[in-house]
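Residue numbering for the sequence shown follows our numbering, starting at 44 and increasing by one per position. Notes follow once the structure below has been shown.
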Amino acid sequence: MVNVQRQQETFATIKKILHQQELKYLFIFTAKLRVVHKEKTHFFVTASEAWTWLVVAAIDIGRKTWGLELST
């Protein structure tokens, strides 16, 4: 139950970050996807890779914006 609550809080925080930093997030996310495309032989990233980069970008923005640290 604690993990579910922590996960919900994490997603709420990420949603807030993305809402407030949408343009910056889109720039970072597309830049990271371009890096993935160059490193992979296939053109499209998988859904799990896309979600991983989304979370990484959101957490990075949160750290830079508010000094936010998310514990796992």
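Note that CB positions come from ideal geometry on N, CA and C, so glycine has one too.
To the nearest angstrom, report how far apart residue i and residue j are at their CA atoms.
i             : j              : result
tryptophan 94 : isoleucine 104 : 15 angstroms
alanine 101   : glutamate 52   : 14 angstroms
alanine 55    : arginine 106   : 15 angstroms
arginine 49   : leucine 97     : 18 angstroms
valine 47     : isoleucine 57  : 15 angstroms
lysine 59     : threonine 108  : 12 angstroms
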